[in-house]
Structures are given as structure tokens and as C-alpha cells.
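Right, dumping it as C-alpha cells:
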């Protein structure tokens with residue numbers, strides 16, 4: 171049976187990169203995983219300084235909108251998501267985060283367990299900086315339905331939420347988002363055309 175590092179590396183090998191930046195992020199992530207260092211966050215807020223994260227991006231395909239959350243600590247609009255638990259597969263972490271944060275039953279747009287997008291990013295915000303190796307998964311959403319913003323985890327982590335159109339996101343300053351959000355939306359637009 172394959173160990174968790176091999177399983178995650180196998181997933182990364184199957185990602186079709188949008189551009190040279192994503193290609194470099196995938197290569198960096200694979201080399202880091204192969205190095206044998208700890209890849210899961212084992213202690214809050216940032217031990218080890220580089221660790222795995224899953225983003226669970228809710229997308230309303232018909233209306234071409236993305237759900238973004240006002241993250242209290244990062245001070246940015248981010249998708250749902252969080253740290254991957256020790257020995258947890260990235261897709262399972264993404265599904266778990268959707269349920270915990272939003273109470274949403276995950277409906278993966280693709281039947282593949284391969285992440286849609288991969289990034290390596292130094293975090294900013296109220297906590298000390300660290301590096302997130304993020305595997306982005308896309309789930310179906312409906313922008314006409316309200317999100318349960320009264321859930322305990324939602325109230326603890328977020329100040330609110332927005333369903334933003336692809337074009338609205340691309341028109342807004344990247345500083346309001348994860349630094350890779352514009353590229354994520356461009357990749358999404360390319361796939362959906």
C-alpha cells in the first residue's frame with residue numbers, strides 16, 4: 171500500500187498547470203514532499219513553517235461566481251479550506267472543511283481526486299507568516315442560497331461572505347485575496363469556455 175506522501179505526490183503529478191508559475195509550484199511541492207520533512211501542520215499556528223492546506227472553492231458554474239469568505243486572521247477574502255490533518259488525503263480535507271465551516275454537503279464538480287490548482291504561498295495577516303502548500307478543489311455551489319453564517323466555526327473564523335463573479339474578482343486588487351486568486355479564476359474560465 172502506498173504511503174500518504176506517495177499518494178499526494180501522485181495527485182500532484184496529474185495536475186495540468188495553468189502556467190509556468192503553477193508548474194514551478196507543483197515542482198516545489200513535489201520536491202518538498204520527497205525531502206522527507208514533516209508536511210502536515212502538527213502544532214498551531216505554524217509548525218512546521220511549511221505545511222499542506224486544502225482549499226474547497228464553491229463555484230456557481232451557471233452564474234460564474236465564486237464564494238469567498240472574509241477571513242479574520244488573514245484579513246483577506248479566501249475560499250473555504252484549512253490545514254490537512256496528519257495522514258489525511260487533500261480531497262477529504264477539502265470536504266471536511268466545507269462541512270465544518272459552511273455546513274455544505276460537498277459536490278465535487280469533477281469526479282477526479284486530482285486538485286484543480288496548486289499553489290505555494292507565504293501567508294500574511296494577524297498570525298506569524300508561514301508557507302502554505304495549497305491544493306485547490308472546486309465544488310458546485312448555488313449563489314442564490316444563503317450560507318449558514320451563524321454556525322460556530324463560521325463565526326470564529328469569518329466576518330462574512332461574498333458571491334463574486336469571475337469578472338468582479340479579476341477587477342479587484344489582488345491584495346484583497348490569496349495572491350493566486352486571479353490566476354485560479356483565469357484557469358477556471360479557461361476550463362469552462
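Residue numbers (my numbering): 171 to 363.
For every residue, glycine included, the Cβ atom is placed at its ideal position computed from N, Cα and C.
- Collapsing the DSSP output to three states places residue 229 in a strand.
- A contact between stretches requires three or more CB pairs, one per stretch, nearer than 8 Å, and the segment 188-196 fails this requirement with the segment 236-251.
- The segment 195-265 contains, as complete beta strand (DSSP E) runs of 3+ residues, the segments 220-230, 235-241, 246-248 and 250-253 (chain order).
- Looking at the DSSP output, residue 181 sits in no beta bridge, so it has no partner there.
- Under the three-pair Cβ rule at 8 Å, the segment 243-250 counts as touching the segment 219-235.
- Collapsing the DSSP output to three states places residue 300 in coil.
- CA-to-CA, the gap between residue 179 and residue 185 works out to about 10 Å.
- Residue environment: residue 362 is assigned as exposed (fewer than 16 neighbouring CB atoms within 10 Å of its CB, all protein chains considered).
- DSSP lists 301 as the bridge partner or partners of residue 292.
- Under the Cβ criterion (8 Å, minimum of three pairs), the segment 271-287 counts as touching the segment 301-321.
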